[in-house]
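So the structure is just underneath, and the comments pick up after that.
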Amino acid sequence: MQKHDSWTEEEHNKLIELKGKGLSYQQIADELTRTYCTLFTFDGVRNRYRYFKDKEPQETPPYKETTEILHDGTHKSDKLLRMSSEQSKDVNYLLKAHGFDVDEWELVSARNNIWNAYSKQDGVQTLYSSKITVKPKTNEFNFDRFIEIIQKTKPARPITFKGILKQEKTYLHIPLFDMHFGNSRLEHYKDTLREIVHLLEETYHEVLFIVGQDLLHNDNFKGQTANGTPIDKVNMIKAWEEADTFYTTLISKALEKSPKVTVIYSKGNHDESMSWGFVKMLEAKFGHQVNFDTSFRERKAYMLGLNFIGTTHGDKNRTNIASNFSVEFPEMWARATTREVYMGHLHRKRVTKPIEVVNDSRGVIVRELGTGNEIDGYHDDHGYTLAHQEFEIFEYTERKKKRIHYV
């Protein structure tokens with residue numbers, strides 16, 4: 100058999116492969132001899148491997164990526180990135196590459212150094228050791244993105260009713276007051292959302308949503324309430340989007356299982372303008388299938404069967420609230436066999452029963468509804484943390500309340 104005298108690329112790669120499997124030089128020589136029908140020797144294999152091993156660059160040790168949160172709220176991130184020279188100067192690219200939302204974070208500083216890395220698989224690559232410092236955006240608002248969200252609102256596809264009506268008429272009233280999206284996150288409300296969706300799997304003659312009532316934490320983009328009172332400034336784009344996800348999910352499920360769905364806008368003291376706009380957005384999306392009341396009244400009333408449902412936020416004239424409803428809605432008041440008024444604002448639960456109004460001996464129930472929102476800094480600082488964190492959903496028959504669901 101002829102002795103091997105020069106190496107081909109294929110033979111060299113086979114040598115590297117066999118050595119990587121842990122074979123000895125003699126075992127490799129024997130295997131190469133069998134494979135290529137040429138006599139490979141111990142010395143020839145060893146010399147070839149050692150010569151090229153010394154010339155081959157060493158693999159770059161793994162890069163240790165780090166993130167750090169500082170006491171002032173800034174974040175530091177250190178990553179190894181594959182990017183071009185132009186991308187290394189692009190602020191938005193750097194923020195995204197380090198995992199930061201460009202609408203919520205701004206770049207404080209950046210330092211990018213070339214890092215030549217070697218691996219057997221990819222060879223030499225030019226990467227960048229990228230170190231950035233970022234801070235949360237607090238004084239900027241992306242109007243263009245907010246307008247884009249509004250403009251993208253299109254009528255939802257008609258939802259086919261798939262429920263089965265029962266002989267007994269039942270109604271579901273969903274008054275979710277003081278949700279304060281922006282201060283409270285959708286993640287916080289995921290259990291509430293799941294439990295209400297479960298309730299909506301049943302078929303009701305009608306489902307009533309009261310939307311507003313401090314749905315959003317701010318009424319503008321300056322961190323103010325409807326009266327201009329300065330409060331914690333929140334990300335209103337995120338608050339709007341999460342509130343949209345929440346209510347779109349519920350209204351869609353209600354349309355699927357119940358033949359009639361009604362949405363009433365109710366003013367709050369934090370967000371009366373923004374929530375009104377939000378409900379108008381829902382109307383643009385679902386108005387072809389859902390009944391909407393978007394009028395800008397302080398007090399509103401609605402009939403679910405023969406049940407009088409009154410609603411107001413409760414930040415004005417709480418003392419004589421029942422009298423206001425009896426005077427402002429006399430026809431509905433007279434027809435009703437059950438009368439209930441719902442208000443929020445104080446983030447606590449209280450029921451007053453009965454309140455005698457004029458000569459109506461049957462009275463009316465006035466309910467102060469609690470909330471399941473996240474406790475903000477103001478309530479935590481002042482110790483207002485003792486109220487039950489839950490919402491109440493009310494189910495009615497044609498003439499009276501049937502049960503209360505706590506979610």
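So for the sequence shown, the numbering used here puts the first residue at 100; every next one is plus one. C-beta atoms are modelled at their ideal positions from N, C-alpha and C, and glycine is treated no differently.
> What does a CB cutoff of less than 8 Å around residue 313 pick up in its chain, not counting 5 residues either side in sequence?
Replying inline: If the five residues before and after residue 313 are omitted, its C-beta is found closer than 8 Å to the C-beta atoms of 276, 277, 278, 279, 367, 368, 369, 370, 374, 412, 443, 444, all from its own chain and listed in chain order.
> From residue 271 to residue 354, what does the alpha carbon distance come to, in whole angstroms?
Replying inline: Taking the straight line from one Cα to the other gives about 13 Å.
>> Can you look up residue 141 in the DSSP assignment and give me helix, strand or coil?
In response: Residue 141: helix per DSSP, three-state reduction.
>> Taking 8 Å as the limit between beta carbons, can you name the residues of its chain near residue 145, skipping five residues before and five after?
In response: Residues of the same chain with a CB within less than 8 Å of the CB of residue 145, apart from the 5 flanking positions on each side, are 124 in chain order.
> What is the rounded straight-line gap between the Cα of residue 162 and the Cα of residue 171?
Replying inline: Inter-residue distance for residue 162 and residue 171 is about 27 Å (C-alpha atoms, whole angstroms).
> Quick one: is residue 420 buried, meaning 16 or more other Cβ sit within 10 Å of its Cβ, or exposed?
Replying inline: When all chains shown are included, residue 420 counts as buried.
> When you compare each of 107, 401, 109 to residue 430 by their alpha carbons, which one comes out closest?
Replying inline: Nearest neighbour of residue 430 by Cα position, chosen from 107, 401, 109, turns out to be 401.
> Between the stretch 345 to 353 and the stretch 325 to 333, are three or more C-beta pairs nearer than 8 Å?
Replying inline: Because the criterion of three Cβ pairs below 8 Å is not met, the stretch 345 to 353 and the stretch 325 to 333 do not touch.
>> I need the boundaries of the alpha helix (DSSP H) containing residue 363, first residue and last residue.
In response: That residue, residue 363, is in no alpha helix (DSSP H); its beta strand (DSSP E) goes 360 to 365.
>> How far does the beta strand (DSSP E) with residue 272 in it extend, from its first residue to its last?
In response: 270 to 274 is the extent of the beta strand (DSSP E) around residue 272.
>> Less than 9 Å between the beta carbons of residue 231 and residue 193, yes or no?
In response: Yes. Within cutoff.
> For residue 174, which of 199, 185, 380 has the nearest alpha-carbon?
Replying inline: Closest by alpha carbon: 199.
> What does residue 231 pair with, by DSSP beta-bridge criteria?
Replying inline: The partner list for residue 231 (beta bridge, DSSP) reads 176, 209.
>> Please give the ranges of any alpha helix (DSSP H) in the stretch 291 to 370, keeping only runs that are unbroken, at least 4 residues long and fully inside the region.
In response: Counting whole runs of 4 or more residues, the stretch 291 to 370 contains the alpha helix (DSSP H) stretches 335 to 356.
>> Here's a check: name, in chain order, each residue in its chain whose Cβ is nearer than 6 Å to the Cβ of residue 452, leaving out the five neighbours to either side.
In response: Confidence is the limiting factor: at residue 452 the pLDDT is only 46, short of 50, which leaves the residue's position unreliable, though a coordinate-based value still follows. Here the set comprises 464.
> What residue does the beta strand (DSSP E) around residue 513 start on, and which one ends it?
Replying inline: Since the first and last residues shown for the chain are 100 and 506, residue 513 lies out of range.
>> Restricting to Cα atoms, I'd like to know which of 440, 310, 131 is closest to residue 423.
In response: The shortest Cα separation from residue 423 among 440, 310, 131 belongs to 440.
>> Would you call the stretch 389 to 401 in contact with the stretch 330 to 342, where contact means no fewer than 3 C-beta pairs closer than 8 Å?
In response: Touching, no, given that fewer than three Cβ pairs across the two stretches are closer than 8 Å.
>> Tell me the DSSP secondary structure of residue 372 in three-state form.
In response: Three-state result, residue 372: helix.
>> Please report the distance separating the alpha-carbon of residue 432 from that of residue 342.
In response: C-alpha separation (whole angstroms): 33 Å.
> In the DSSP assignment, what residue or residues form a beta bridge with residue 392?
Replying inline: According to DSSP, residue 392 bridges with 363.
>> Need the endpoints of the beta strand (DSSP E) that residue 195 sits in, please.
In response: Premise fails: residue 195 lies in the alpha helix (DSSP H), 190 to 196, not in any beta strand (DSSP E).
> Count the other CB atoms within 10 Å of the CB of residue 111; is the residue buried (16 or more) or exposed (fewer)?
Replying inline: So residue 111 ends up on the exposed side.
> Whole-angstrom Cβ separation of residue 468 and residue 491, contact assumed at under 8 Å?
Replying inline: Between residue 491 and residue 468 the Cβ distance is about 6 Å, and since that is below 8 Å, they are a contact.
> Which word fits residue 151, buried or exposed, when buried means at least 16 other C-beta atoms lie within 10 angstroms of its C-beta?
Replying inline: Result: exposed.
>> What would DSSP say about residue 472, mapped onto helix, strand or coil?
In response: Coil at residue 472, not helix or strand.
> Do residue 376 and residue 254 have their C-beta atoms within less than 9 Å of each other?
Replying inline: Their beta carbons are not under 9 Å apart, which means residue 376 does not touch residue 254 by this criterion.
> Closest to residue 301 by CA distance: which of 292, 318, 357, 202 is it?
Replying inline: Residue 357 is the option with its Cα nearest to residue 301.
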